[in-house]
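Taking it in order: structure first as structure tokens, then the write-up.
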């Protein structure tokens with residue numbers, strides 16, 4: 001659209017220059033020299049031709065302005081969309097980092113709890129082993145005493 005507007009503006013400027021150069025007086029007929037040829041126009045036709053040239057010029061100018069505005073609006077929208085996409089990406093990244101940190105905290109808490117449970121179970125197991133060891137020692141001592149009593153009893157009866 002910008003190129004079409006620019007072409008129309010240039011065409012109107014060229015036609016205006018040719019009309020200006022070609023006219024010398026506004027009497028009965030106006031001879032216009034155009035590209036090694038002469039065109040004779042009455043003053044009214046010259047006036048209408050000038051109005052048409054100006055209309056084409058303003059049409060080209062309007063198309064060019066519209067194209068420039070449209071292009072700048074598209075660029076501005078593209079920049080805004082890019083900025084919005086970047087903001088969304090940053091927000092998404094921040095959210096993922098927060099979720100990751102939260103999961104890490106949960107995992108650390110689970111590890112701590114698991115280690116506490118493991119240490120409690122080991123301690124309880126060690127206590128049970130110690131109790132069994134003491135019970136075994138006590139049973140062994142009793143068995144030794146019982147054996148000693150059994151050895152001593154037959155000697156007493158004899």
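Numbering (full-length UniProt numbering), first residue to last: 1 to 158.
We put the CB at the ideal spot given by N, CA and C, even for glycine.
Is residue i helix, strand or coil by DSSP?
i, result
"residue 41", "strand"
Please report how far the alpha carbon of residue i lies from the alpha carbon of residue j, in whole angstroms.
i, j, result
"residue 14", "residue 7", "10 angstroms"
"residue 167", "residue 52", "Because the chain here runs from 1 to 158, residue 167 falls outside it and cannot be looked at."
"residue 86", "residue 120", "50 angstroms"
"residue 83", "residue 101", "27 angstroms"
"residue 110", "residue 99", "16 angstroms"
"residue 148", "residue 114", "50 angstroms"
"residue 65", "residue 36", "35 angstroms"
"residue 46", "residue 29", "10 angstroms"
"residue 77", "residue 97", "30 angstroms"
"residue 133", "residue 118", "22 angstroms"
"residue 16", "residue 80", "43 angstroms"
"residue 116", "residue 124", "12 angstroms"
"residue 175", "residue 112", "This structure does not reach residue 175, given that the chain is present from 1 up to 158, and the question cannot be answered."
"residue 128", "residue 95", "49 angstroms"
"residue 140", "residue 151", "16 angstroms"
"residue 126", "residue 105", "31 angstroms"
"residue 75", "residue 88", "20 angstroms"
"residue 72", "residue 93", "31 angstroms"
"residue 135", "residue 143", "12 angstroms"
What does the Cβ neighbour count give for residue i, buried or exposed, with the cut at 16 atoms within 10 Å?
i, result
"residue 48", "exposed"
"residue 145", "exposed"
"residue 54", "exposed"
"residue 63", "buried"
"residue 34", "exposed"
So residue i and residue j are supposed to be a Cβ contact under 8 angstroms. How far apart are they, rounded?
i, j, result
"residue 50", "residue 9", "Residue 50 to residue 9, Cβ: 16 angstroms. No contact."
"residue 56", "residue 12", "5 angstroms"
Only counting the same chain, and skipping five residues up and downstream in sequence, which positions put a Cβ closer than 7 angstroms to that of residue i?
i, result
"residue 67", "1, 2 and 5"
Counting only the same chain and skipping the five closest in sequence on each side, list residues whose C-beta sits under 6 angstroms from that of residue i.
i, result
"residue 91", "none"
"residue 122", "none"
For chain E, check one thing: does any of its Cβ atoms lie closer than 8 angstroms to the Cβ of residue i?
i, result
"residue 47", "In the displayed structure, chain E is absent; only one protein chain is listed."
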